[in-house]
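Peer 1:
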Amino acid sequence: MNAEPRGAMLLTALIALILTVLPLPTYLALVRPMFLVLTVLYWSIASPRAGGIALGFFSGLLLDVFQSPVLGEHALALSVITYVAVREHQKIRSKPAFQQSLIVFAVLVAYESILFAIDGWTHHPISSPLRWTHTVTGAIFWAPVAAVLNATNDRRR
Amino acid sequence: MAFGTGASSARGGSPGFRFTLYAALSIIIMFLDQRGAWLEQVRYALNIAAYPIQLAVSSPSTAWRWMQESAATREALRAENERLTTRNRELELRSMRYEALAHENDELRGLKEALPPVAERWLVAEVVDIQLNNLRQRVLVNRGTRNGVFKGQAVLDDKGLLGQTTHVGPWSAEVILITDPEHAVPVQIERTGLRTIAVGTGDSVSLALPYLPANADVKTGDVLMTSGLGGVFPAGYPVGRVAEVHRDAVQPLAQVRAEPFASMNIDREVMLVWFREGHPAAPVSATADGEAKSGNARMQSQAVPPRPKPAATVPAPGQAAGAASPGDAATQPVKAPPPKPAKPPTPESKDDEEGPPTEEDVPAKPEPKSPTPQAVAPQTADLQAPAPQAHP
Chain A
0 MNAEPRGAML
10 LTALIALILT
20 VLPLPTYLAL
30 VRPMFLVLTV
40 LYWSIASPRA
50 GGIALGFFSG
60 LLLDVFQSPV
70 LGEHALALSV
80 ITYVAVREHQ
90 KIRSKPAFQQ
100 SLIVFAVLVA
110 YESILFAIDG
120 WTHHPISSPL
130 RWTHTVTGAI
140 FWAPVAAVLN
150 ATNDRRR
Chain B
0 MAFGTGASSA
10 RGGSPGFRFT
20 LYAALSIIIM
30 FLDQRGAWLE
40 QVRYALNIAA
50 YPIQLAVSSP
60 STAWRWMQES
70 AATREALRAE
80 NERLTTRNRE
90 LELRSMRYEA
100 LAHENDELRG
110 LKEALPPVAE
120 RWLVAEVVDI
130 QLNNLRQRVL
140 VNRGTRNGVF
150 KGQAVLDDKG
160 LLGQTTHVGP
170 WSAEVILITD
180 PEHAVPVQIE
190 RTGLRTIAVG
200 TGDSVSLALP
210 YLPANADVKT
220 GDVLMTSGLG
230 GVFPAGYPVG
240 RVAEVHRDAV
250 QPLAQVRAEP
260 FASMNIDREV
270 MLVWFREGHP
280 AAPVSATADG
290 EAKSGNARMQ
300 SQAVPPRPKP
310 AATVPAPGQA
320 AGAASPGDAA
330 TQPVKAPPPK
340 PAKPPTPESK
350 DDEEGPPTEE
360 DVPAKPEPKS
370 PTPQAVAPQT
380 ADLQAPAPQA
390 HP
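Protein chains in written order, with numbering that gives the first Met the number 0: chain A, 0 to 156; chain B, 0 to 391.
1. By DSSP, does Pro180(B) sit in helix, in strand, or in coil?
2. Taking the beta strand (DSSP E) that Ile398(B) falls in, what are its first and last residues?
3. Can you give me the start and stop residues for the beta strand (DSSP E) that Ala84(A) sits inside?
4. In whole angstroms, give me the CA-to-CA distance for Ala109(A) and Ala116(A).
5. For the beta strand (DSSP E) containing Pro59(B), list its first residue and its last residue.
6. Does DSSP classify Phe232(B) as helix, strand or coil?
7. What are the start and end residues of the beta strand (DSSP E) that includes Trp273(B)?
8. I want to see whether chain A comes within less than 8 Å of Met224(B), judged by CB atoms only; does it?
9. Which complete alpha helix (DSSP H) runs does the region 87-135 of chain A hold, if anything under 4 residues is left out?
10. Shorter than 8 Å from the beta carbon of Ser284(B) to some beta carbon of chain A?
11. Could you tell me the boundaries of the beta strand (DSSP E) in which Leu21(A) lies?
12. Could you tell me whether the Cβ of Gln163(B) comes closer than 8 Å to any Cβ of chain A?
13. When the Cα atoms are used, what is the spatial distance from Val147(A) to Leu9(A)?
14. Exposed or buried, which one is Tyr26(A) when buried takes at least 16 other CB atoms within 10 Å?
15. By the 8 Å beta-carbon criterion, what residues does the region 43-66 of chain B contribute toward chain A?
16. Name the DSSP beta bridge partners of Ala172(B), please?
17. Rounded to whole angstroms, what's the CA-CA distance from Met0(B) to Ala7(A)? Just pull it up for me.
18. Sorted by chain position, which residues of the same chain lie with C-beta nearer than 7 Å to Val167(B)'s C-beta, five sequence neighbours on each side aside?
19. Can you tell me whether Thr225(B) is buried or exposed? The criterion is at least 16 other CB atoms within 10 Å of its CB, across all chains shown.
20. Would you list, in chain order, the members of the region 248-273 of chain B that have their beta-carbon closer than 9 Å to a beta-carbon of chain E?
21. Under 8 Å, Cβ to Cβ, is there at least one residue of chain A near Asn141(B)?
22. How big is the Cα-Cα spacing for Ser293(B) and Val85(A)?
23. Between which two residues does the alpha helix (DSSP H) carrying Arg256(B) extend?
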């Protein structure tokens, strides 16, 4: 992979961020996957040198500004999962779509667990089980999101 | 590994090294953010970066509303105009009556300074149509430090208390609503004067009052208003109405649920409020004297008649706010500005309807004393003597 698709990466990340904070009716908002996290995961797996952990960190920081009472919480969680994804990208890439979804589910659960722990430690707890719904919908949305991002990636190359 | 330095380290260096770097950075950021205001500048800068995105996200709905407005027919506009004029007239009449009542009440109490309308200035802000965290009750409004908004500012809508600002950027501010599970507002039950704390539940239509004993005098329909303790919110603004009181024989505390007056979900426009400093009913600024004083804003206004020689007042033993010290009492009225009739009366405040004071709320007894140099209306001094227990 010689030309790294940085432009496409940043553009799709921005679109994903917009999708993440787009106002929706409450019930839709509760099942909305975290598109930005999925996008960052995709780029970490498909093109680990293009963004890597820096992409995770800065996307997380931006998410913190929007969504988090503690600055740095999403940044840490996203750094962790991008690190895992970058390390294991070859293994994940070679898996069939269904298994990829399962892996993404596990990764999202880890991500949310980190947020959960930090929320607790910093005294901003949300104990509602609804906070975990996006891990399931994220796993379901993984295949279509990856397909869309693949399209942008292929055109670039 | 790890010979990439500075900017190049983002590309060079192993993933492990970069991960350690970013993870450490995140943890430091979190630590600093928790520890104090050191990161406010960073947040401010990030807010600037985020604002275009926020605007972009909210622009479709803004455009949609703008189109709806501009497509409104002449008849619809006229009808709305008429409706608003009627409403305005109604409110004017009510405020006129309110002013008269406030004045009378004031004369009766011999208190010029406890006039509730203390909002000096307000600023209408629009809610930016953007989803912050679904599980937290936060909204973003389109005013920031450039408009003079500060952290911890009270936010109201036309029906009641809405929340306070948490993070303020240059052009936008995040508001934590009173229904957020992390938010607590010191309230007072209007009927009895009983003070307690209303905590958010995470549900936009309910508040919990978890600290009321089972035998507390509270019933469905009681109106809650801000007590002014805590120093963020001014005293006397409506918060909500008690919707449900559940007493369990085995529980020492009553389970009370209240519904906020402010319509959290529907509001498009909110009001950021500034208060006249030095007014006893206004919140005490956080920098003033620390907590010792900020807890006392309301008590001072109640227990101490603003005239010389208030050192005669004796705080009741059970006073919740830890009693205004005599020193406070002596200085407070002196520095308070001379009373002037309220210019923009707030119709919500109904201080004059407070019920009989409860044990907790018994204010200091003002001793009858000779007329003071400060020219209070002449009949006030006469009234003061026979009714010493009147809520001052």
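Heads up, the beta-carbon is just placed ideally off N, CA and C, and yes, glycines get one too.
Small disclaimer: the values here were computed from a predicted structure and weren't measured.
Peer 2: A quick look at the data gives this:
1. The count along the second sequence starts at 1 and reaches residue 180(B) at position 181. Pro180(B): coil per DSSP, three-state reduction.
2. The question about residue 398(B) has no answer, for chain B in this structure spans 0 to 391.
3. The residue given as residue 84(A) occupies position 85 in the first sequence. Careful: Ala84(A) lies outside any beta strand (DSSP E), inside the alpha helix (DSSP H) at Glu72 to Arg86.
4. What you label residue 109(A) is simply residue 110 of the first sequence in a count that begins at 1. What you label residue 116(A) is simply residue 117 of the first sequence in a count that begins at 1. So the two alpha carbons sit approximately 11 Å from each other.
5. Counting from one through the second sequence, the residue named residue 59(B) turns up at place 60. From DSSP, Pro59(B) is part of no beta strand (DSSP E) but of the alpha helix (DSSP H) over Glu39 to Ser69.
6. Within the second sequence, numbered from 1, the residue matching residue 232(B) stands at position 233. It is coil, neither helix nor strand.
7. Along the second sequence, one-based indexing puts residue 273(B) at 274. Taken as a continuous stretch (DSSP letters only), the beta strand (DSSP E) holding Trp273(B) covers Glu268 to Phe274.
8. Sequence index remark: in the second sequence, residue 224(B) carries index 225 (1-based). So no, Met224(B) is outside the interface.
9. 88-92 and 96-120
10. Within the second sequence, the letter at position 285 stands for residue 284(B). For Ser284(B), the pLDDT reaches just 47, beneath the cut-off of 50, and the residue's location in the model is therefore unreliable, although a value from the coordinates is still provided. No, Ser284(B) does not count as interfacial toward chain A.
11. In the first sequence, counting from the first residue as 1, residue 21(A) sits at position 22. Unbroken run through Leu21(A): none, as it is neither H nor E.
12. Position 164 of the second sequence, counted from the first residue, corresponds to residue 163(B). Judged by the 8 Å Cβ criterion, Gln163(B) is not in contact with chain A.
13. Here residue 147(A) is taken as the residue at index 148 of the first sequence, counted from 1. Here residue 9(A) is taken as the residue at index 10 of the first sequence, counted from 1. Using only the alpha carbons, I get a separation of about 15 Å.
14. Reading the first sequence from its first residue, position 27 is the one you call residue 26(A). Label assigned to Tyr26(A): exposed.
15. Leu45, Asn46, Ala48, Ala49, Ile52, Gln53, Ala55, Val56, Ser57 and Ser60
16. Here the question's residue 172(B) lines up with position 173 in the second sequence. Note: Ala172(B) sits in a beta bridge opposite Val140(B) and Val167(B).
17. One-based indexing of the second sequence puts residue 0(B) at position 1. One-based indexing of the first sequence puts residue 7(A) at position 8. Note that Met0(B) has pLDDT 37, beneath the 50 cutoff, so the model's placement of it is unreliable and the number below is only indicative. So the alpha carbons of these two residues sit roughly 29 Å apart.
18. In the second sequence, the residue the question calls residue 167(B) occupies position 168. Around Val167(B): Gly143, Thr144, Val148, Phe149 and Lys150.
19. For this step, residue 225(B) is matched to residue 226 along the second sequence. Thr225(B) should be labelled buried.
20. In summary, chain E is missing from the structure at hand, where the protein chains are A and B.
21. For this step, residue 141(B) is matched to residue 142 along the second sequence. Cβ-Cβ to chain A under 8 Å: no for Asn141(B).
22. Taking the first residue of the second sequence as 1, we reach residue 293(B) at position 294. Taking the first residue of the first sequence as 1, we reach residue 85(A) at position 86. Unreliable placement is indicated for Ser293(B), whose pLDDT of 37 sits below 50; the coordinate value is still reported in the next sentence. Going by the C-alpha atoms only, they are around 52 Å apart.
23. As a working mapping, residue 256(B) is identified with position 257 in the second sequence. No alpha helix (DSSP H) holds Arg256(B); the beta strand (DSSP E) holding it covers Gln254 to Pro259.
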